[in-house]
C-alpha cells in the first residue's frame, strides 16, 4: 500500500526558489576575475538566473544537452549552477588545471554544445577550439567593457546576452532522476571518467551535507568555499548555501592565504572549505599577521588528510576542524570527523586521535570493508580492507561507459583500503593499488611513509612493493633525504618503534626527488616503473 | 537524460541500520510503565527490532496491514516504530486521550489487525474490544511478570512473544512511497481523518527536521521527547535520533515538570520537545528547585504558540527556544523560529519580536498566503491570508477518503490565517474559521484576545464574530473576569491602544467560564452556538 504524501520532485531549481523567498536579502559576495568586488543578494541572483535560463533556451539548449564551464568560484558560475540544471540540461564543470589534451578529451567526450568561460581561459580555449567540434559558441563570462580581442569565431558576451532577457520565467517540473551535472574524475590511469549527478542525488546530498555533524550549515553562516566549483561542485556548497540561506563569499581566482584571510575578516566568514595546502598558507598568514580569525568558527578540510598538527593549530585559534572525506563519485560527501557526545570531555590529544581519522558516514552513506574475496571484515578499528560505499548520492555508472563500477548489491569500490572502528569512524590506510601484499597479508604504504617522515633526516618518503621470490612483495622505502642521507639501518631501527616488525622495509633507497602528479601526490605508478627490476637484498 | 546515481529506496529501516553500525554504543533510556528504568543501546534495540519484525511476520502480518499502538514514549513503542514499517506494514499510532467512541471509530476505520498496548490501556481496550471486529489479538507491551488479569480473549505478552524469536533477519527493500505510518487528526468537527505517511516522506522529513536551523540534532545530543509518539510520531524525533545517533530519553507516562526535570539532570538532556503547558510546569520546577537546567541548551515548543514571557524565561536560564509550527498533515514540521545572521546582535526584545512568530520554513516546505479568491498575497509581514503549504512531507489525501485536501497545484490549505514577512517568518493570526469578516475585511480573533488578556481584570478572553446587519460580522469579546468584571468601556478603551480602531469589539460579555476542547483550547464552535442569537448594541 502506498502512502498518501505529495509527490513533488526533488529539483535543484527549488533550492534557489527557497532562498529567494526566505533569504532574499542575504548576500552573495564575489571577487570578479576582472577586478574589484561584486555584491548582490539571493533575490538578485534568482532573478538573473531566470534570465539566464531564458537565454539558454534562446540559444537552443535542449534537455540533456551538456553545457561546459571553465570558471572560478564567482556569482556568474553560481548562476550557471542553477540555470543549466533548472532547464534539465547538464552543467559540465571542467577542471582547468588538467592537461590540455585531457580538457579536449573531456569536452569531446561530453559533446558540450556551449562553453561558458572566465576571461582567464580565453587563450586556453583559443588553442583547443579547432579540436572541439561539438562546441557551437563560447560565452565569455564578463561584460562588454571587458570583452577581450579573441580569435574565437563565435565568442559571446555573458552580460550582453543576459541584458536581452527578462525574468518572467517559471522553472519547469520534471523527473527528479534527470541528470543535473557532470564532473570528470582525473584518475592517474586511463581516460577521465564522467560522474553524472541527478537532481535527486543533489538534493539528498544537500540535506545530508548541511546536518550538524557534517558542515552544520545554517542562516547564521557566512561560507567561503575555496574548494573550486569544478571539483565535485565545490563539495556541494553552492547548493547547501541556498538551502539554508547562508551568506556566500566566492573568492574568484586568487586563493592565496593573504587574500582568503582578508576576505574572512572583511565579510565575517564563519565557515570555509579547502584542501590542506590552502589551509597551511592561511594558518601561516593568520599566525604571522596577528589579526586573528574574525568570526571563523569551523573549517572543512578535504581532498587529502590534514596533518594532526594542522588540526591542533586550528584548535589553538578556537576554530573547529571538520575533516571530510569523499570522492567525485560520492557527490562528494562520504564521511566527516566530528566528535561524539562521550568524547567531548576527552583531553585534546585523545580528541586528535579521533579527528585525524576520515570520520563517520552521515546517514545515507553506507560503508563496509571487505577482503580480496569480498568477505565483510570486522569494524574493530584495526582490521583493514577494501572500502566500499553505497547510497543515494553514490554513482551507479560513468557517462557513456558500459562497464559498471558497482557490484550486484550496489557497492561501489572506492579503491581505498581502510579501517572502520566500533564508533563508525573510518580511517584510510592506503590506496588499494599501493598496499603491499606480503605473503597474503597487507602492509600499508601510507603508514610506513608517515612513520618515515617523522625521522629528522627524511624530507619526503614513499613506500612501494618490490618483487620478492618468497613473499611476492616486500616494502621498499624510497627517501628524499634532508641534506646528507641518514644511515639505512638507523632509519629502519627508527621505524621499528612505529610499525610491526614484519612491516619493516627490506631496503632503503635514496633519491634526489620523487615523481608527483599535477595535484601534488606522489606518483606511485612512475615509482613502481622505475624500481620494477630492483632486487631486494633479502630476495 | 537521466543521471547515473544509485537508486536505493529511502526506507525507515535504513535509519536503525545506520544507528546500529555507527552509534551502536549510544543509549536509549526509558521510564517503563511498570516501574524503574530501562536502559539499552541502539545495538540492542536494532537486534530486538529484527526479532520483533520476525514476530510480526509469524503473526501473519502482511505488507499494508495496519497495526495499532496505544502507548507512551518507551523503548517498546520505539521498536514498533521501526519493526512495523520495516516489513512494509503500517504503524498506526492512536491517541489514547481521545473520546472512547473516537478511538473505536479510528481502529475500525483503519481496520487494525493487531493492537499493541501499554498496561495503562488494558481496561480501555477491554471496554472497546467487542466493537473492534478487525482486531485479531491485543499484544500487551510488558513481560510475563507484569501481565495483568484481563477479560481480553486474545491477549498476548510482548516479551514472551519476542523471546521466541531470533534476530537473523534482513530488512526487505521495497518502493519508498510505501505507506509507513498512520495518524488520525482529531479535528474539532467531523470524523477524525487519517494521515498516511510514506517511507520517502519520513526520510526527507528526518533530514530537514535535523538541520541546524530546525532541531539541530547531532551525536552530541541527548534528546527527551515529551511530545507523545501518538502525536505526529513525536514530531519525528524517534527517526531523527537514529539518523544522527543521539542518545534518547523516553519519559513514559509521567511527564510532570518534576519528573522531566529529574530526568534532564540525571541523563544530561540537551534538547527536549513539548507543548507550552509542559514547559510552564517545568519552568516553575526549574526556577523553584534552584537545581538549574543541567546540559539543556535548547527546547522545541510546539502544539500551540508559547507566550513571549515563556521564551524570555528560558533565555534567562541560558536555554534557546525553538518554536515549531506544524500539523499532523505535515509530518509534522512546517516552520521553525530561529534567528538569522543579521539578528544575532539585536537587543533581547527585538529578538523576541521575531521568536514569537511561528518561524521560517525549512527547505522543502513551500508556503504562501492567499485571499478568499485564491490570489497570492504579499509577504510583507502585515497582510494576512489563508496559509497554504506544499512539499514532499505534506499530505496529498486522507486514508480511505475520496475528497482531496489539495488543489490542482498541490497546495494544502492549513485552515490557518497568517502573515509572512520579507525574511520568510510566518505568523499565524487566526484559524480561518475564527477570523471575523467585517465588511469584506478580516479581523483576527487571536490578536484581539491577546490584547484583551493583557488587561489586569481579564482572566481569559475569546473573540467571536456576531451577526451584524450592515457589516455581516462584528467582533464580540467574551471575558472571564479576574474578580469583579472591569468596566466595558474602559476595557475597549484599553484595547484601542493595541489594535486598529475598526477592529474594536462592538460589545463585551462577561461569563463564568469558557468552553474548552480536550487539549485545552477554547471551543469557538460551542461559543458561537451559545451566542448565535446575540444582538449587538450596534446592530
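Residue numbers (my numbering), protein chains in the order written: chain U, 2 to 540; chain P, 2 to 540. Idealized CB from N, CA, C, for every residue including glycine.
Neighbouring residues, chain P, relative to residue 23 of chain U (Cβ below 8 Å): 361, 362, 424 and 425
CB contact check: residue 515 of chain P to chain U, cutoff 7 Å: no
Minimum Cβ-Cβ distance from residue 396 of chain U to chain P less than 7 Å: yes
Chain-ordered residues of the segment 462-479 of chain U with a beta carbon less than 7 Å from chain P: none
Contact check, residue 64 of chain U vs residue 89 of chain U, beta carbons under 7 Å: yes
Residue 179 of chain U, DSSP secondary structure in three states: strand
Local Cβ density within 10 Å of residue 59 of chain U, reported as buried at 16 or more and exposed below that: exposed
The segment 479-487 of chain U contacting the segment 503-517 of chain U, beta-carbon criterion three pairs below 8 Å: yes
Closer than 7 Å at the beta carbon, the chain U residues around residue 218 of chain P: 213
Beta-carbon proximity check, residue 467 of chain P vs residue 535 of chain P, cutoff 7 Å: yes
Residues sharing a beta bridge with residue 541 of chain P, DSSP: With chain P covering only 2 through 540, there is no way to say anything about residue 541 of chain P.
Complete alpha helix (DSSP H) runs within the segment 425-456 of chain U (minimum length 4 residues, chain order): 446-454
Residue 461 of chain U in three-state terms, based on DSSP: strand
Selected residue, minimal CA-CA separation from residue 239 of chain P, among P:210, P:432 and P:476: P:210
Chain U contacts from the segment 241-252 of chain P (Cβ-Cβ distance under 9 Å): 243, 244, 245, 246, 247 and 248
Contact the segment 41-52 of chain U vs the segment 17-33 of chain U: 3+ CB pairs below 8 Å: yes
Bridge-paired residues (DSSP) for residue 228 of chain P: DSSP output for residue 228 of chain P lists no bridge partner at all.
Secondary structure of residue 471 of chain U, DSSP reduced to three states: coil
Validate contact between the segment 193-212 of chain P and the segment 343-361 of chain P using beta carbons, cut 8 Å, 3 pairs: no
Residue 549 of chain P versus residue 431 of chain P: straight-line alpha-carbon distance, rounded: Any answer about residue 549 of chain P is impossible in this case: the structure gives chain P only from 2 up to 540.
Rounded separation between residue 418 of chain U and residue 364 of chain U - CA only: 21 Å
Euclidean distance between Cα positions of residue 155 of chain P and residue 407 of chain P: 41 Å
Stretch-stretch touch, CB-based, cutoff 8 Å, three pairs: the segment 364-375 of chain P with the segment 250-261 of chain P: no
Which of helix, strand or coil DSSP assigns to residue 74 of chain P: strand
Residue-chain proximity (residue 83 of chain U, chain P), Cβ-Cβ < 7 Å: no
Burial state of residue 140 of chain P, where buried means 16 or more other Cβ atoms lie within 10 Å: buried
Amino acids of chain U, ordered along the chain, whose beta-carbon sits closer than 9 Å to that of residue 5 of chain P: 180, 195, 196, 197, 198, 199, 396, 397, 398, 399 and 400
Cα-Cα separation between residue 425 of chain P and residue 380 of chain P, rounded to whole angstroms: 8 Å
Contact set between residue 1 of chain P and chain U, taken where Cβ atoms lie within less than 8 Å: Since the first and last residues shown for chain P are 2 and 540, residue 1 of chain P lies out of range.
8 Å contact criterion, which residue 299 of chain U and residue 320 of chain U should meet: CB distance rounded: 6 Å
Contacts around residue 80 of chain U, its chain only, beta-carbon distance under 7 Å, and the 5 residues preceding and following it disregarded: 46, 49, 50 and 53
Span of the alpha helix (DSSP H) around residue 206 of chain U: 200-211
Straight-line gap, residue 523 of chain U to residue 439 of chain U (C-alpha atoms, nearest Å): 22 Å
Extent of the continuous beta strand (DSSP E) to which residue 368 of chain U belongs: 367-371
As assigned by DSSP and simplified to three states, the class of residue 380 of chain P: coil
Proximal chain U residues relative to residue 91 of chain P, where beta-carbon distance stays under 8 Å: 2
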